[in-house]
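Q:
In my numbering, the protein residues as written are 105 to 583.
#1: Mind pulling the beta strand (DSSP E) runs of 3 or more residues that sit fully within the segment 166-239?
#2: So residue 481 is in the alpha helix (DSSP H); what residue range does that whole segment cover?
#3: To which residues of the same chain is residue 169 closer than 6 Å at the C-beta, ignoring the five residues directly before and after it?
#4: In whole angstroms, give me the CA-to-CA distance for residue 300 and residue 244.
#5: Cα separation between residue 259 and residue 310?
#6: Given that a residue counts as buried once 16 or more other Cβ atoms are within 10 Å of its Cβ, and exposed if not, what is residue 519?
#7: Nearest by alpha-carbon distance to residue 476: which of 484, 549 and 465 is it?
#8: What whole-angstrom Cβ distance do residue 421 and residue 578 have, given they're in contact under 8 Å?
#9: Mind listing, in chain order, the continuous beta strand (DSSP E) runs of no fewer than 3 residues lying wholly within the segment 284-352?
#10: From the DSSP output, in three-state form, read off residue 428 for me.
#11: Along the chain, where does the alpha helix (DSSP H) containing residue 278 start, and where does it finish?
#12: Pick helix, strand or coil for residue 525, following the three-state DSSP scheme.
#13: Straight-line CA distance for residue 541 to residue 583?
#14: Pull up the DSSP beta-bridge partners for residue 535, would you.
#15: Look up residue 396 in the DSSP assignment and say whether it is helix, strand or coil.
#16: Looking only at its chain, what residues have a beta carbon closer than 6 Å to the beta carbon of residue 558, apart from the 5 residues adjacent to it on each side?
#17: For residue 447, list the residues DSSP reports as bridge partners.
#18: Since I believe residue 509 is in contact with residue 445 (beta carbons under 8 Å), could you give me their beta-carbon distance rounded to a whole number of angstroms?
#19: What's the call for residue 574, buried or exposed, on a 16-neighbour Cβ count within 10 Å?
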């Protein structure tokens, strides 16, 4: 269970705003749990000229290119309706009661490189615009009612930036309504929960998420070329995939996640859930895991009957390497870790970080008293002997003396377990391409069959192309 946080201004409130964009909208009644408590002005700080949106939408809604909008209450897209966000749109969000976008129908936000889409807090609220401050509920796929199906539910986004979401939940938050979180807990920037629906994100950015940046509990996914930075507080992931999640997560950057870059499991499947099965390849993870206490965190964690391919990832200055839990589906070749490149240049050690093989992940030793010691044959079948910390293939020895991957431009920073903003650097100042002489060029594999075929091929009429494996490790290739 995630740590509870007290929302300092007002929890358990549903906004009662007077201006709503759309005549097809109906609003929930406001909830105030203390009659003596002053209700804040939720529209305080609304940028001049912005158009208010919110409420329940039973008809399609389009946010038009170049316009600015103001979200101060939940915007709920009902089943059968579509929210279209055109290129160049900015959505400013009120920080006062954790408003969110809930999508029971569809949402398509097709930004472009020249005209991206932005969801963020209003700059007119500087006290809410600090590092680590999270004050809105993000974008949430509405849960399908029990006994119903909703195969057409889709969320598709390109060139979209989502900032400062995953704020403290209240009774009107989707994750609370479906029993996933409790009021007061930090939520997600993007949440999806439909094993027949589709979530597609490409060239998107998620920054300063309170909890997990992208949390999928059931769904078909295609997540390519995204950047997730500063995700979570003390125990959260950049990408968190639960039971019933299938698809691909590739060529993404995960920078300074509290725990892992990617975590997947299959612990609580229900009827019709497929086994969690994700191809995780050619991602770059840097400075992950340092805000998580103990022996967890740092890169990829696959556990509890999940399976997948973990290929060609570049893991740098992160607390620990890939963890394959003993409860993972490691039968045959169901789980494979190959061609991943590790480098650690921050102070740590095997207990404090840069241990590469976490203590609680499988180990290549025989020990009947330790379920992580799966034995030599099983371990090498899973790891394939190609991660660069191994001294020799199928030899139970590894080294911490690893070759620098030679980024085009990289800045070392100390580990930052407290999330001190003064110790963080702007990841956008880095050039994480590899130099042409890097040992990471051609270190990976480009002829490995992925564990599953592409599951998301079209979203909202837009063709989705799964990128091919690259033998150059990481997400950015070489110069």
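Every residue, glycine too, gets a C-beta built ideally from N, C-alpha and C.
All of these numbers come straight from a predicted model, not from anything done at the bench.
A: Looking at the coordinates:
#1: Segments of the beta strand (DSSP E) lying fully in the segment 166-239: 172-181, 186-189, 194-197, 205-207, 210-214 and 221-225.
#2: Translated into the one-based positions of the chain shown, residue 481 becomes position 377. For residue 481, the enclosing alpha helix (DSSP H) starts and ends at 480-487.
#3: What you label residue 169 is simply residue 65 of the chain shown in a count that begins at 1. Answer for residue 169: 190, 191 and 192, listed in chain order.
#4: Counted from its first residue, the chain shown places residue 300 at position 196. Counted from its first residue, the chain shown places residue 244 at position 140. If you draw a straight line from the Cα of residue 300 to the Cα of residue 244, it comes to about 16 Å.
#5: Against the chain shown, residue 259 aligns to sequence position 155. Against the chain shown, residue 310 aligns to sequence position 206. Between the C-alpha atoms of residue 259 and residue 310 there is a straight-line separation of about 15 Å.
#6: As a working mapping, residue 519 is identified with position 415 in the chain shown. Buried is the call here.
#7: Counting from 1 along the chain shown, the entry for residue 476 is found at position 372. Its Cα nearest to that of residue 476, the residue 465 stands out among 484, 549 and 465.
#8: Within the chain shown, the letter at position 317 stands for residue 421. Within the chain shown, the letter at position 474 stands for residue 578. Not a contact, Cβ separation roughly 13 Å.
#9: Entirely contained in the segment 284-352, the beta strand (DSSP E) runs reaching 3 residues are, in chain order, 294-296, 302-306, 309-311, 318-320, 323-328, 331-333 and 343-345.
#10: Walking along the chain shown from the start, residue 428 turns up at place 324. In this structure, residue 428 counts as strand in the three-state DSSP scheme.
#11: Within the chain shown, residue 278 is the residue found at index 174, counting from 1. For residue 278, the uninterrupted alpha helix (DSSP H) run begins and ends at 278-281, by DSSP.
#12: The sequence position of residue 525 within the chain shown is 421, counting from 1. Note: residue 525 maps to helix in three-state DSSP.
#13: Here residue 541 is taken as the residue at index 437 of the chain shown, counted from 1. Here residue 583 is taken as the residue at index 479 of the chain shown, counted from 1. Looking at the backbone, the Cα of residue 541 and that of residue 583 are separated by about 10 Å.
#14: As a first step, residue 535 must be located in the chain shown, where it is residue number 431. 513.
#15: Indexing the chain shown from 1 puts residue 396 at position 292. In the structure shown, residue 396 falls within a coil segment according to DSSP collapsed to helix, strand and coil.
#16: Looking up residue 558 in the chain shown gives position 454. These residues qualify, in order along the chain: 570.
#17: On the chain shown, residue 447 is found 343 positions in, with the first residue counted as 1. As DSSP reads the structure, residue 447 sits in a beta bridge with 420.
#18: Start at 1 with the first residue of the chain shown, and residue 445 comes out as number 341. Start at 1 with the first residue of the chain shown, and residue 509 comes out as number 405. About 6 Å; that satisfies the 8 Å criterion.
#19: Against the chain shown, residue 574 aligns to sequence position 470. With 16 or more Cβ atoms within 10 Å of its Cβ, residue 574 is classed as buried.
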